[in-house]
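A.B. asks: For the record, the sequence lines run as chains U and H. Taking the working numbering, the leading residue of the first sequence gets 921, the next gets one more, and so forth. Taking the working numbering, the leading residue of the second sequence gets 12, the next gets one more, and so forth. We put the beta carbon where it would ideally sit given N, CA and C, even for glycine.
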Amino acid sequence: MKFPSFEYACPASLADAVALLSEEGDAMVLAGGQSLMPILAFRLAAPRLLVDLKNVPGLDTIKISAEDVRLGARVRWCDIEKHTGLSAAQPLLAEAISHVAHYQIRNRGTVGGSIALADPAAEMPGIAVTCDAEIALTGKLGERVVPAAKFFLGAMETCIQPDEIITEVRLPLWPSDRCWAFKEFARRRGDFALAGVAVFYDVDANGCAANTHIGVIGASDRPCRLGSAEQIINGAFLDATVIEAAAEAASNEIEPMEDHHAPADYRCALVKTLLERALTRAMA
Amino acid sequence: MLVKFNVNGDTVEVDVEPRVSLADCLRDVLHLTGTHLGCEHGVCGACTVIIDGEAVRSCLTLAVQADGATIVTVEGLSNDNALTPLQAAFRKHHALQCGFCTPGMITTAHALLTEEPDADAERVRDVLSGNICRCTGYVPIVEAVLEARAAYANPDKADAS
Ligand SMILES: Cc1cc2nc3c(=O)[nH]c(=O)nc-3n(C[C@H](O)[C@H](O)[C@H](O)COP(=O)(O)OP(=O)(O)OC[C@H]3O[C@@H](n4cnc5c(N)ncnc54)[C@H](O)[C@@H]3O)c2cc1C
Ligand code: FES
Ligand code: FES
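#1: Assuming contact is defined by CB atoms lying nearer than 8 angstroms, are Asn90 (chain H) and Met116 (chain H) in contact in what I supplied?
#2: Are the CB atoms of Ile1137 (chain U) and Val1089 (chain U) within a distance shorter than 8 angstroms?
#3: Please list, following the chain, all residues that have a C-beta closer than 6 angstroms to any non-hydrogen atom of ligand 2.
#4: For chain H, is any of its Cβ atoms less than 8 angstroms away from the one on Ala993 (chain U)?
#5: Which whole-angstrom value describes the C-beta separation of Asp884 (chain U) and Arg963 (chain U), a residue pair presumed to lie in contact below a C-beta threshold of 8 angstroms?
#6: Could you name the residues of the same chain whose beta carbon sits closer than 7 angstroms to that of Glu1077 (chain U), not counting the 5 residues immediately before and after it, in chain order?
#7: Chain U partners of Gly141 (chain H), CB-CB under 8 angstroms?
#8: Which residues bound the alpha helix (DSSP H) around Pro96 (chain H)?
#9: So which residues of chain H does Pro977 (chain U) contact, with C-beta pairs closer than 8 angstroms?
#10: Taking any heavy atom of ligand 3 as the mark, which residues have a C-beta closer than 7 angstroms to it, listed down the chain?
#11: Name the residues in the stretch 55–74 of chain H whose C-beta lies less than 8 angstroms from a C-beta of chain U; which are they?
#12: Please list the terminal residues of the continuous alpha helix (DSSP H) segment that includes Glu1196 (chain U).
#13: For chain H, is any of its Cβ atoms less than 8 angstroms away from the one on Asp946 (chain U)?
#14: Mapping DSSP to helix, strand and coil, what is Tyr928 (chain U)?
#15: Any heavy atom of ligand 1 closer than 7 angstroms to the Cβ of Gln76 (chain H)?
#16: Is Asp1039 (chain U) a contact residue of ligand 1, with contact defined as CB to any heavy atom under 7 angstroms?
#17: What residues from chain H crowd round Gly953 (chain U), counting only those whose CB sits closer than 8 angstroms?
#18: Tell me whether Pro1143 (chain U) sits in a helix, a strand or coil according to DSSP, three-state version.
#19: In angstroms, rounded to a whole number, what distance separates the CA positions of Ala171 (chain H) and Phe101 (chain H)?
#20: Between the beta-carbon of Val995 (chain U) and the beta-carbon of Thr1030 (chain U), is there less than 8 angstroms?
#21: Compare the beta carbon distance of Ala77 (chain H) and Val23 (chain H) with 8 angstroms and say whether it is the shorter of the two.
#22: By DSSP, does Ala171 (chain H) sit in helix, in strand, or in coil?
#23: Determine the DSSP secondary structure at Thr91 (chain H), reduced to helix, strand or coil.
#24: Considering only heavy atoms of ligand 1, does any lie closer than 7 angstroms to the CB of Arg1028 (chain U)?
#25: Can you list, in chain order, the stretches of the alpha helix (DSSP H) that have 4 or more residues and sit fully within the stretch 1001–1033 of chain U?
#26: Between Val85 (chain H) and the rest of its own chain, which residues show a CB-CB distance below 7 angstroms, the 5 nearest in sequence each way excluded?
#27: For a contact defined as C-beta to C-beta under 8 angstroms, what are the partners of Phe911 (chain U) on chain H?
#28: Can you tell me which of the three DSSP states Glu126 (chain H) falls into?
#29: Output the distance between the C-alpha atoms of Leu1073 (chain U) and Asp1141 (chain U), rounded to the nearest integer angstrom.
#30: Please report how far the alpha carbon of Ala1202 (chain U) lies from the alpha carbon of Ser1148 (chain U), in whole angstroms.
#31: Helix, strand or coil for Glu24 (chain H)? Go by DSSP, reduced to three states.
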């Protein structure tokens, strides 16, 4: 498999990168290349120009502050894995990202690339939606910030404009006593999950769950929250009966796609089991 | 495009089209055919090389992206005089049969053990999950990598060059 012919640019600033994307209608951003290269190898895209972000400064930092956690677009899976502060500051993120891809791919694949790709089974978009993250983009008209819930439009479809570059993903503050869990099922470690669930809730003064967020990946054309299951958990004191009811509601709420990996019924059953396990774990 | 990088200790300059993968550049331009191509889309791991100390898939990296980098291929992990500890362990445990996956296994294991000489069996399996072997059933490969750890804990002995 050989890539189609293209030109390559390696701009040294964000402004130059945006200028190249705006001038050249048929350009694509290159980050880790771990998805773009296979896309080019299969000739699913044939851009005239690749704009490599590797020399654009400031995109590879992880910033933890009192308000939020900011992941630069070029932060790689291995950077998240090795970061010493993230497992306390964003434990759900750290756990979910430990499931992404294989060793060699983790050394190059990036947060921004995964968000831009919008694979329905990818962990990072799922965490962004579950955690109410914001995605910062810079284009020729300047910067805009889009909530994750509005960012993903469908399978491999986002609201990014051709001249825009993702610069940062911002995750809101995470209280240290929050209950959480992430569970996914993949045929082989590091492969894309058949489905996965991310869960968190806070415990109120009466010991009941509040502010429940339940996100699911691999179960529809984009990552989404499961409102009916969240409603069952909110205000409840978690026990096996509540968990069973929420998991049942979740599997009724989703309308999974059917593909050669698994039929829709299987994915419904899988989401139910994963949510049961996740809630049981979160409560423990 | 002119690209300059260091491969196995030698600085080389090549003139390649941007669309040429690092794997094709190594094999076809530099004639370093030890790096194998199995799938050419990132799933098999046979093409693994080490760039600036990190194991990466050379089929998913453009040669032009490697400008200025230091690259180690499987050729750079051998020694004219004797088997390296990793090679000796692969031989002892029959960790290869046809040998097609072996360059990727060796480069991946070398990168891992250089950084984590105390990697346990679970970690070794986790890391090697990105490399497909159609022959061995993986058990001997994991055993070989575990055995080679001792040499990496003592860096003088693991020196492959
Ligand atoms: C074998 C294999 C297994 C994998 N398993 C998983 C998995 O389990 N889970 C998972 O989530 N992923 C998985 N991946 C995908 C991997 O995580 C990718 O690295 C990631 O999805 C894309 O990141 P990248 O930096 O490589 O992006 P690239 O491949 O460089 O780019 C991907 C797309 O995003 C665009 N883009 C990149 N950066 C930006 C930016 N800053 N702004 C705007 N657009 C941008 C590109 O133009 C392109 O369209 C796997 C990949 C392989 C090859
Ligand atoms: S040839 Fe690169 S991963 Fe298969
Ligand atoms: S030894 Fe034949 S593929 Fe691994």
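C.D. replies: Based on what the coordinates show:
#1: At a Cβ-Cβ threshold of 8 angstroms, Asn90 (chain H) and Met116 (chain H) do not count as neighbours.
#2: No, these two residues do not count as a Cβ contact at 8 angstroms.
#3: With the cut-off at 6 angstroms, the residues found are H:Leu48, H:Gly49, H:Cys50, H:Glu51, H:Gly53, H:Val54, H:Cys55, H:Gly56, H:Ala57, H:Cys58, H:Arg68 and H:Cys70.
#4: Residue contact with chain H for Ala993 (chain U): absent (no Cβ-Cβ distance below 8 angstroms to any residue of chain H).
#5: The structure shown has nothing for residue 884 (chain U), since chain U only spans 921 to 1204.
#6: The beta carbon of Glu1077 (chain U) lies closer than 7 angstroms to those of Ala1038 in the same chain, with the five residues before and after it left out.
#7: Taking the beta carbon of Gly141 (chain H) as reference, the chain U residues within 8 angstroms of it are Ala1021, His1022, Tyr1023, Gln1024, Ile1025 and Gly1110, listed in sequence order.
#8: Counting along the chain, the alpha helix (DSSP H) containing Pro96 (chain H) begins and ends at Pro96 to Lys103.
#9: Those within 8 angstroms of Pro977 (chain U) in chain H number zero; the least Cβ separation is about 16 angstroms.
#10: Those residues, listed in chain order, are H:Leu107, H:Gln108, H:Cys109, H:Gly110, H:Phe111, H:Cys112, H:Thr113, H:Cys144, H:Arg145, H:Cys146 and H:Thr147.
#11: Residues of the stretch 55–74 of chain H whose Cβ lies closer than 8 angstroms to any Cβ of chain U, in chain order: Gly56, Thr59, Glu65, Ala66, Val67, Arg68, Cys70, Leu71, Thr72 and Leu73.
#12: Segment Ala1184 to Met1203, the alpha helix (DSSP H) holding Glu1196 (chain U).
#13: No - not a single Cβ of chain H is within 8 angstroms of the one on Asp946 (chain U).
#14: Here Tyr928 (chain U) sits in strand by DSSP.
#15: Set against 7 angstroms, the gap from the CB of Gln76 (chain H) to the closest heavy atom of ligand 1 is not smaller.
#16: Relative to ligand 1, Asp1039 (chain U) has its C-beta within less than 7 angstroms of a heavy atom.
#17: Those are Leu71, Thr72, Leu73 and Gln76, listed as they occur along chain H.
#18: Looking at Pro1143 (chain U) - three-state DSSP - the assignment turns out to be coil, as it is neither helix nor strand.
#19: Low local confidence applies: a pLDDT of 48 at Ala171 (chain H) is under 50, so the model's placement there is unreliable, with the coordinate-based value given in what follows. Approximately 14 angstroms, taken between the alpha carbons.
#20: Cβ distance < 8 angstroms, so Val995 (chain U) and Thr1030 (chain U) count as in contact.
#21: For Ala77 (chain H) and Val23 (chain H), no; Cβs fall outside 8 angstroms.
#22: With a pLDDT of 48 at Ala171 (chain H), under the threshold of 50, the predicted position of this residue should be treated as unreliable, though the coordinate-derived value follows. Taken through DSSP and simplified to helix, strand or coil, Ala171 (chain H) comes out as coil.
#23: Correcting the residue identity first, residue 91 (chain H) is Asp in this sequence and not Thr. DSSP places Asp91 (chain H) in coil when its eight states are reduced to three.
#24: Placement of the Cβ of Arg1028 (chain U) at a distance of less than 7 angstroms from at least one heavy atom of ligand 1 is found.
#25: Here the runs fully enclosed are 1006–1009, 1011–1017 and 1023–1026.
#26: The beta carbon of Val85 (chain H) lies closer than 7 angstroms to those of Gly45, Thr46, Pro114, Ile117 and Thr118 in the same chain, with the five residues before and after it left out.
#27: Outside the shown range of chain U (921 to 1204) lies residue 911 (chain U), about which nothing can therefore be said.
#28: In this structure, Glu126 (chain H) counts as helix in the three-state DSSP scheme.
#29: For Leu1073 (chain U) and Asp1141 (chain U), the distance between alpha carbons rounds to 8 angstroms.
#30: Between the alpha carbons of Ala1202 (chain U) and Ser1148 (chain U) lies a distance of about 18 angstroms.
#31: Here Glu24 (chain H) sits in strand by DSSP.
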